[in-house]
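Residues in the sequence shown are numbered from 6 upward in steps of one, following this note's numbering.
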Amino acid sequence: MKRVDKINYYLDIAETVLERGTCLRRKFGCAIIKNDEVISTGYAGAPRGRKNCCDLNYCAREKLNIPRGERYEMCRSVHAEQNAIISASRKDLIDSNLFLVGKDSKTLEYVENAMPCILCKRFIINAGIKKVYIRQNKQDYVVVDVEDWINNDESLEGVFGY
């Protein structure tokens, strides 16, 4: 019997979580794993008690024609990575791995060149997460060593987007 490898298994969990996402542009799901245990999960959606974009039937960023990767203060959602991090204890997050999957809400295709936004990168760094695995398609993924984000600080260069 052929079994799915562990990384794709955890990415499959994150992909299932994204089904709860409420964003009209992109649905993201996240799972944080440490020592082969699920520490927490998260998906993109409005803060608890607030209306989601899917309930309002519009996306403020889309209405304002804001490009991908910019002006997240205009977004109603708390990102998947942020929700997973705030749902866990920092001591459990230290040296954990984050698994991230994104799909276009309309086409359900995987988000091309998906990557945490600059704000989520800061959350991931401060949480003590070691590696981030990002699904490219059903079998392929990229692995980011979070130490690289610390050493290559794009915020010093004024880089926007992805």
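By construction, the Cβ of each residue, glycine as well, lies at the ideal position given by its N, Cα and C atoms.
Quiz prompt | Beta-carbon spacing of Cys35, Glu86 below 8 Å | solution = As a position in the sequence shown, residue 35 is number 30, starting the count at 1. As a position in the sequence shown, residue 86 is number 81, starting the count at 1. Yes, the pair counts as a contact, with Cβ atoms nearer than the cut-off.
Quiz item: For the putative contact between Val151 and Ile139, defined by C-beta atoms under 8 Å, what is the C-beta separation to the nearest angstrom?
Solution: In the sequence shown, residue 151 corresponds to position 146, counting from 1. In the sequence shown, residue 139 corresponds to position 134, counting from 1. Contact doesn't hold; Cβ gap of about 12 Å is too wide.
Starting from the Cα of Ala169, find the closest Cα among Arg55, Ile12 and Phe104 and give me that residue.
Here the chain has residues from 6 to 167 only, and residue 169 is not among them.
What does DSSP give as the partner residues of Asp17 in its beta bridges?
-> Stepping through the sequence shown from its first residue, residue 17 is reached at position 12. Per DSSP, none; premise fails for Asp17.
Practice item. Just list the alpha helix (DSSP H) runs in the region 118-146, keeping only unbroken ones of 4 residues or longer that don't cross its boundaries, in chain order. Key: 123-132
Practice problem: Assuming Glu159 contacts Ile123 (C-beta within less than 8 Å), just tell me the rounded distance between them. | Solution: Numbered from 1 along the sequence shown, position 154 holds the residue referred to as residue 159. Numbered from 1 along the sequence shown, position 118 holds the residue referred to as residue 123. About 7 Å; that satisfies the 8 Å criterion.
- alpha helix (DSSP H) segment containing Asn102, residue limits: Sequence index remark: in the sequence shown, residue 102 carries index 97 (1-based). First-last for Asn102: Asn102 to Asp109, but that is the beta strand (DSSP E), not the alpha helix (DSSP H).
Could you tell me whether the region 55-62 touches the region 15-30, where touching means 3 or more Cβ pairs closer than 8 Å?
yes
Where does Ile38 fall in DSSP's three states?
The sequence position of residue 38 within the sequence shown is 33, counting from 1. Three-state result, Ile38: strand.
So Ser82 and Ala51 are supposed to be a Cβ contact under 8 Å. How far apart are they, rounded?
Within the sequence shown, residue 82 is the residue found at index 77, counting from 1. Within the sequence shown, residue 51 is the residue found at index 46, counting from 1. That belief holds up - the Cβ atoms of Ser82 and Ala51 are roughly 6 Å apart, short of 8 Å.
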